[in-house]
Amino acid sequence: MIQPQDCFYITTTLPYVNSDPHIGFALEIIQADAIARYQRLQGKTVIFNTGTDEHGLKIYRKAQELGQDPKAYCDEYAAKFDALKVAINLSYTHFIRTTDSHHIAAAQEFWRRCMAKGDIVKKNYKIKYCVGCELEKTESDLVEGKCPVHPSLEMESIDEENYFFKFSNYQHALLELYDSRPDFVLPSHRLTEVKRFTEGGLEDFSISRLKSKMPWGVPVPDDEAHVMYVWFDALVNYISTLGWPEGGDFEMYWPGVQIAGKDNLRQQSNMWQGMLMSAGLPPSKQILIHGFITSEGQKMSKSVGNVVDPFEVAREYGVDPLRFYLLREIPTTEDGDFNRERFRIVYDSDLANNLGNLVSRVLTMTEKYCEGKVPEVVQLNYGDTHLDLKGAWNGFHNGLNLLNFKISLELIWDALN
320 MIQPQDCFYI
330 TTTLPYVNSD
340 PHIGFALEII
350 QADAIARYQR
360 LQGKTVIFNT
370 GTDEHGLKIY
380 RKAQELGQDP
390 KAYCDEYAAK
400 FDALKVAINL
410 SYTHFIRTTD
420 SHHIAAAQEF
430 WRRCMAKGDI
440 VKKNYKIKYC
450 VGCELEKTES
460 DLVEGKCPVH
470 PSLEMESIDE
480 ENYFFKFSNY
490 QHALLELYDS
500 RPDFVLPSHR
510 LTEVKRFTEG
520 GLEDFSISRL
530 KSKMPWGVPV
540 PDDEAHVMYV
550 WFDALVNYIS
560 TLGWPEGGDF
570 EMYWPGVQIA
580 GKDNLRQQSN
590 MWQGMLMSAG
600 LPPSKQILIH
610 GFITSEGQKM
620 SKSVGNVVDP
630 FEVAREYGVD
640 PLRFYLLREI
650 PTTEDGDFNR
660 ERFRIVYDSD
670 LANNLGNLVS
680 RVLTMTEKYC
690 EGKVPEVVQL
700 NYGDTHLDLK
710 GAWNGFHNGL
720 NLLNFKISLE
730 LIWDALN
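Residue numbers (this note's numbering): 320 to 736.
Set out below in structure tokens:
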């Protein structure tokens, strides 16, 4: 019988279904896939979760703009994200949509538990809101009155009565979590960043919207006038996909590892952890924060025409070269650049020449000296070679255990060179 120590759970964030999959999400899901495959090689039984985030004002307006029913619009884009599984050779086991009935039921039960704890209250509020981020923005968040992530969008004002999550109740508990687990967020400077944010004081945040203004969301239990704020419902996917609250795989696999972009740092390592504490559930196991990808040194933009399509790159160069480039050339936890000229250089030098020539030589020698058959495994005498193969092998494992793909691959290619 499988025991919890034999289980491993990893999840990406859920991308919004308001645009086609891009290279930034491909980076995140390929990183998660590499970890999932490595854990399977270590003998673990792995659940690897991804999916699509399908509620909120941004989705509702986009569907209206196209004259579509919101669910039909979401169906179309969810299929595009699910197509990544074959297109870039992913091994995920779960694909959850926040419009799935079991997720909606789980989000409502999560709400009830936070309400029973006394952490959900109703009050009036007025804020500035970025529809692109689906987040409240303070003056300190803005640059010349605009959201720095979505500078082309006008900030909107919301003035209404909503439900709030009493986030301020969890400042001390969150700081204790960060202090007791120095590797809770990787890299370490991201943990420092979220600690400083928490030390500055936590403000309660809105977790509902008036249904009369924004009907596309999970219904709030016992209040037909409100739907859940998209972030509150979407974060619950990490446990609803495991069958919570009905049991399922939750007890065996939670807590798990989460991978997210740096723009998601607070939501994943701060908001979500406070919500879990309120619901009486264990915090996440670990959170890996990756950076952004630019295209030819510039921020990707549809108007500029430099958005990198992972489907297109995989068709042109092959799946493994794309995966290799993203894991080797993009720093695991920092910003990186997708440069087609650099991609071709890496393809030719590292894959075609170094790895390709090695495979060719091994096959030739196997045919010449072993009658074309793979020989019996023999004990390698590391003293027989000037290469530090054992050091490279140990370093490779250490790098992956630290969730650093770039270092692990560099050690392997140093040995090949």
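Cβ atoms here follow ideal geometry from the backbone N, Cα and C, with glycine treated the same way. These figures come from a predicted structure and were not determined experimentally.
### Task
Could you tell me whether the region 712-731 touches the region 637-652, using the rule of 3 or more Cβ pairs below 8 Å?
yes
### Message
Mapping the DSSP letters down to three states, classify M547 as helix, strand or coil.
### Response
It is a strand residue.
#### Entry: Residue range of the beta strand (DSSP E) that includes S476
If you look at S476, you'll find it in the beta strand (DSSP E) that goes E475 to F484.
### Task
Output the boundary residues of the beta strand (DSSP E) element that contains T330.
Segment C326 to T330, the beta strand (DSSP E) holding T330.
### Query
Do H422 and S603 have their C-beta atoms closer together than 8 Å?
no
### Rounded distance between the beta-carbons of F484 and C449, thought under 8 Å
Their Cβ separation, rounded to whole angstroms, is 19 Å, which puts C449 and F484 out of contact at 8 Å.
### Query
If you draw a straight line from the alpha carbon of I378 to that of E453, how long is it in whole angstroms?
10 Å
### Task
Would you mind giving the Cβ-Cβ distance between W430 and V539, rounded to the nearest angstrom? I have them listed as a contact below 8 Å.
7 Å
### Query
Going by other Cβ atoms of all chains shown within 10 Å of its Cβ, with 16 needed for buried, is G375 buried or exposed?
With 16 or more other Cβ atoms inside 10 Å of its own Cβ, G375 counts as buried.
### Query
Taking DSSP as the reference, what is the three-state secondary structure of I649?
Three-state DSSP puts I649 in coil, outside helix and strand.
### Query
Short check: CB of T417 to CB of N556, under 8 Å?
Going by C-beta atoms, T417 is nearer than 8 Å to N556.
### Query
Which value, in whole angstroms, describes the spacing of the CA atoms of E428 and W573?
17 Å
### Task
Please say whether L641 and I354 have beta carbons closer to each other than 8 Å?
no
### Message
Just verifying my parser: in three-state terms, what is the DSSP assignment at I311?
### Response
The structure shown does not extend to residue 311, since the chain is modelled only from 320 through 736, so no value can be given for it.
### Query
Below 8 Å between beta carbons: does that hold for F486 and H413?
no
### Query
When you compare only the Cα positions, how much space is there between L529 and E522?
21 Å
### Task
Might you give, ordered along the chain, the residues of its own chain that have their beta carbon closer than 6 Å to the beta carbon of Y396, omitting 5 neighbours on each side?
V336
### Task
Using three-state DSSP, classify I423 as helix, strand or coil.
helix
### Task
Taking only the alpha-carbon atoms, compute the straight-line gap between H609 and N583 and give it to the nearest angstrom.
10 Å
### Message
When you compare the region 613-629 with the region 341-357, are there three or more beta-carbon pairs, one atom per stretch, that lie closer than 8 Å?
### Response
yes
### Message
Pull the bridge partners of T371 from the DSSP assignment, please.
### Response
R416
### S499: first and last residue of the uninterrupted alpha helix (DSSP H) it sits in
Secondary structure note for S499: its alpha helix (DSSP H) is the uninterrupted segment Q490 to S499.
### Query
Can you list, in chain order, the residues of its chain whose CB lies under 6 Å from that of I744, leaving out five sequence neighbours each side?
Summary: the structure shown does not reach residue 744, with the chain confined to residues 320 through 736, and so no result is reported for it.
### Query
Do the CB positions of I526 and I477 come within less than 8 Å of each other?
no
### Task
Can you give me the Cβ contacts of G520 inside the same chain, cut-off strictly under 8 Å, excluding the 5 residues immediately before and after it?
S487 and Q490
### Message
For a quick check, are the C-beta atoms of L730 and A711 less than 8 Å apart?
### Response
yes
### Message
When you compare the CB of L584 with every CB in chain D, is at least one pair closer than 8 Å?
### Response
In the displayed structure, chain D is absent; only one protein chain is listed.
### Query
Thinking C-beta only, is Q592 closer than 8 Å to L510?
no
### Query
Which residues in the same chain as F327 place their Cβ atom closer than 6 Å to its Cβ, once the five residues preceding and following it in sequence are excluded?
Q358, K363 and V365
### Task
Assign G684 to buried or exposed, taking buried as 16 or more other Cβ atoms, counted over all protein chains shown, within 10 Å of its Cβ.
Per the sequence shown, the amino acid found at residue 684 is Met instead of Gly. By the 10 Å Cβ count, M684 comes out exposed.
#### Entry: L579 - containing beta strand (DSSP E), residue span
Position check: residue 579 holds Ala in this sequence, whereas Leu was assumed. Segment V576 to G580, the beta strand (DSSP E) holding A579.
### Query
So who's on the other strand from K465, going by DSSP bridges?
V462
### Query
Which of helix, strand or coil does DSSP assign to K725?
helix
### D401 versus N658 - alpha carbon distance
26 Å
### N- and C-terminal bounds of the beta strand (DSSP E) containing N337
Taken as a continuous stretch (DSSP letters only), N337 belongs to no beta strand (DSSP E), as it is neither H nor E.
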